[in-house]
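Peer 1:
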Amino acid sequence: MTDQALLETRELRKYFSQSSGLLDSFLGNEDHVQAVDDVSLTVDTNEVIGIIGESGCGKTTLLELLIGLHEPTGGEIRFQGDRLSTFDRKDWKRFRRNVQIIFQDPFNSLDPKMTVRESLREPLAVHGLDDKTARIRRALENAELDPDTYLDRLPRQLSGGEKQRVSIARALVTEPDMILADEPASMLDVSTQASVLNLLNDLSTELGVSIIYISHDLSTVGHVCDRINVMYLGRIVESAPTEQLLHEPKHPYTEALVNAIPIPDPHHNRPRTKVEGTPRDPINLGEGCRFRDRCPERMDICDRTPRTTESDADHQVACHLYYEHEEVGQ
Ligand SMILES: Nc1ncnc2c1ncn2[C@@H]1O[C@H](COP(=O)(O)OP(=O)(O)OP(=O)(O)O)[C@@H](O)[C@H]1O
Ligand SMILES: [Mg+2]
């Protein structure tokens, strides 16, 4: 692992046991959902990383692992070079100030009885930070809300987009190094979505905040991320700089996602393909490529788990099509 990365995971795993009964659990015959499996990610300072994938592929579980809400089943997470598994109370407090999360649902993420001022004051009090008024005003301005208009409002006096901006201001108020955003715009209408996403993008440039941005929608992620990781049933199947991933997707799943992006130019005649079928049962996935049932390129070797290979230094893909050929022929 490198020391410079802000956040790094190595072979990170989270399996949820689906115990069928006491005897099975005693005999070790439990079923497992492999929600996150062998995920290795690096986020550098000032970088915006996207994680995209269908519902149930493990995106939220991955974010929850990254902020310490779950104990990993295996692998490790480092923040500024330090392992989360070795953190004491003081380290966790520093980490919680430096890594903030924005949730999907702006309608439930604020306390209905707290004014905007009270909502933003709370994290400052928890972390014992001074200069509360100045910090609160600065965070609201960074979230593009006029403090004089919004400070004394309650959540019911805010639109959905304004609520999500208050959530962003709340995340910014402790001046974090990193924000984890779990589908922060998916419950908003299209124009509000665009303004919230642009705001997050500006924050990374202007404040130097790193962002991990989660979504099921490649077309929205493409506008804000430097790099995209495509997740399928717990695994990262492809990772590349955004432009490269959108223009030269390698994994058949990524290719199908890229092809499904609506095309603004009606004269453009790219075929619109959809990923057919549904993901396989996430319980006890076993050996093999997890996309193989839906893959138009399926080969016999796909019953074996593909290694992640580098097509160039910056572009990784886990697909047998990109293995050395002697292995494919076996
Ligand atoms: N606490 C839990 N116990 C058991 N299984 C869980 C638990 N949390 C999540 N899972 C399972 O792990 C898998 C990944 O769930 P997760 O919520 O991370 O998906 P997601 O990609 O965020 O989906 P969505 O886009 O719908 O939010 C799913 O199969 C889910 O049922
Ligand atoms: Mg989720």
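Counting with the numbering used here, you get residues 95 to 424 for the letters of the sequence shown. From the three backbone atoms N, C-alpha and C, an ideal C-beta is built for every residue, glycine too.
For G147, verify whether its CB is less than 7 Å away from any heavy atom of ligand 1.
Peer 2: The residue labelled residue 147 in the question sits at position 53 within the sequence shown. Look at G147: its beta carbon is less than 7 Å from one of the heavy atoms in ligand 1.
Peer 1: Output yes or no for whether 8 Å exceeds the beta carbon distance between I171 and L160.
Peer 2: Numbered from 1 along the sequence shown, position 77 holds the residue referred to as residue 171. Numbered from 1 along the sequence shown, position 66 holds the residue referred to as residue 160. The answer is yes: Cβ separation under 8 Å.
Peer 1: Return helix, strand or coil for V220, following the three-state DSSP convention.
Peer 2: Sequence index remark: in the sequence shown, residue 220 carries index 126 (1-based). In the three-state reduction of the DSSP assignment, V220 falls in the helix class, which pools H, G and I.
Peer 1: Under a three-way DSSP split, which group does K257 fall into?
Peer 2: Translated into positions along the sequence shown, residue 257 becomes position 163. Helix.
Peer 1: Count the other CB atoms, across all protein chains shown, that sit within 10 Å of the CB of R215; report buried if there are 16 or more and exposed otherwise.
Peer 2: Position 121 of the sequence shown, counting from 1, holds the residue named residue 215. Buried: at least 16 other Cβ atoms inside 10 Å.
Peer 1: Would you be able to state if there are at least three C-beta pairs under 8 Å between the stretch 290 to 299 and the stretch 254 to 261?
Peer 2: yes
Peer 1: Taking K226 as part of the beta strand (DSSP E), name the residues at either end of that continuous run.
Peer 2: Numbered from 1 along the sequence shown, position 132 holds the residue referred to as residue 226. Premise fails: K226 lies in the alpha helix (DSSP H), 226 to 236, not in any beta strand (DSSP E).
Peer 1: State buried or exposed for M325, treating a residue as buried only when at least 16 other CB atoms are found within 10 Å of its CB.
Peer 2: One-based indexing of the sequence shown puts residue 325 at position 231. Looking at its Cβ environment, which holds 16 or more other Cβ atoms inside 10 Å, M325 is buried.
Peer 1: Based on Cα-Cα distance, which residue from L135, E141, S179, I195 lies nearest to E158?
Peer 2: Translated into the one-based positions of the sequence shown, residue 158 becomes position 64. Answer by Cα proximity: I195.
Peer 1: Which stretch, first to last residue, makes up the beta strand (DSSP E) that contains K108?
Peer 2: On the sequence shown, position 14 is the one that residue 108 refers to. It spans 101 to 112 - the beta strand (DSSP E) in which K108 sits, taken as one unbroken run.
Peer 1: Contact between the stretch 277 to 287 and the stretch 233 to 248: three or more CB pairs below 8 Å?
Peer 2: Taking a cut-off of 8 Å for Cβ pairs, the stretch 277 to 287 and the stretch 233 to 248 do not touch, as fewer than three such pairs fall below it.
Peer 1: Go to A288, then tell me how far its alpha helix (DSSP H) extends in each direction, as first and last residue.
Peer 2: The count along the sequence shown starts at 1 and reaches residue 288 at position 194. Element bounds for A288: 284 to 301.
Peer 1: State yes or no: is the C-beta of K153 nearer than 7 Å to some heavy atom of ligand 3?
Peer 2: In terms of ligand content, the structure shown lacks ligand 3 and carries ligand 1 and ligand 2 instead.
Peer 1: Buried or exposed: I322, going by 16 or more other Cβ atoms within 10 Å of its Cβ?
Peer 2: Residue 322 sits at position 228 when you count from the first residue of the sequence shown. Result: buried.
Peer 1: Using the DSSP secondary-structure output, state which residues sit across from M373 in a beta bridge.
Peer 2: To locate residue 373, count along the sequence shown from 1; it is residue 279. The sequence given here places Pro at residue 373; Met does not occur at that position. Answer is none; P373 lacks a bridge partner.
Peer 1: What is the DSSP secondary structure of Q128, reduced to helix, strand or coil?
Peer 2: Numbered from its first residue, the sequence shown carries residue 128 at position 34. Correct three-state label for Q128: strand.
Peer 1: What is the DSSP secondary structure of L135, counted as helix, strand or coil?
Peer 2: Taking the first residue of the sequence shown as 1, we reach residue 135 at position 41. Here L135 sits in strand by DSSP.
Peer 1: Counting Cβ pairs, one atom from each stretch, are 3 or more of them under 8 Å apart for the stretch 135 to 155 and the stretch 306 to 320?
Peer 2: The answer is yes - the stretch 306 to 320 touches the stretch 135 to 155, with three or more Cβ pairs under 8 Å.
Peer 1: If you draw a straight line from the C-alpha of S261 to the C-alpha of L204, how long is it?
Peer 2: Within the sequence shown, residue 261 is the residue found at index 167, counting from 1. Within the sequence shown, residue 204 is the residue found at index 110, counting from 1. Rounded to the nearest angstrom, the two C-alpha atoms are 7 Å apart.
Peer 1: What is the DSSP secondary structure of Q410, counted as helix, strand or coil?
Peer 2: Position 316 of the sequence shown, counted from the start, is the residue given in the question as residue 410. Q410: strand per DSSP, three-state reduction.
Peer 1: In this structure, does DSSP put S149 in helix, strand or coil?
Peer 2: Translated into positions along the sequence shown, residue 149 becomes position 55. For S149, the secondary structure class from DSSP, reduced to helix, strand or coil, is coil.
Peer 1: Less than 7 Å separating the Cβ of D311 from some heavy atom of ligand 2?
Peer 2: Your numbering for residue 311 matches position 217 in the sequence shown. D311: no, Cβ never under 7 Å from ligand 2.
Peer 1: Hey, would you say the C-beta of D276 is under 7 Å away from at least one heavy atom of ligand 2?
Peer 2: Position 182 of the sequence shown holds residue 276. Yes - ligand 2 has a heavy atom lying nearer than 7 Å to the Cβ of D276.
Peer 1: Is the beta carbon of T167 closer than 8 Å to that of Y109?
Peer 2: Translated into the one-based positions of the sequence shown, residue 109 becomes position 15. Translated into the one-based positions of the sequence shown, residue 167 becomes position 73. Yes, Cβ-Cβ distance for Y109 and T167 is below 8 Å.
Peer 1: Going by beta-carbon coordinates alone, are T209 and L248 separated by less than 8 Å?
Peer 2: Sequence index remark: in the sequence shown, residue 209 carries index 115 (1-based). Sequence index remark: in the sequence shown, residue 248 carries index 154 (1-based). Against a cut-off of 8 Å, the Cβ pair of L248 and T209 comes out as a contact.
Peer 1: Is V369 near ligand 1, going by C-beta to nearest heavy atom under 7 Å?
Peer 2: Against the sequence shown, residue 369 aligns to sequence position 275. V369: no, Cβ never under 7 Å from ligand 1.
Peer 1: With 16 as the cutoff for other CB atoms within 10 Å, does G371 come out buried or exposed?
Peer 2: Counted from its first residue, the sequence shown places residue 371 at position 277. Classification for G371: exposed.
Peer 1: Among L245, I377, V303, F385, which one has its Cα closest to the Cα of L266?
Peer 2: Counting from 1 along the sequence shown, the entry for residue 266 is found at position 172. In terms of Cα proximity to L266, the closest of L245, I377, V303, F385 is V303.
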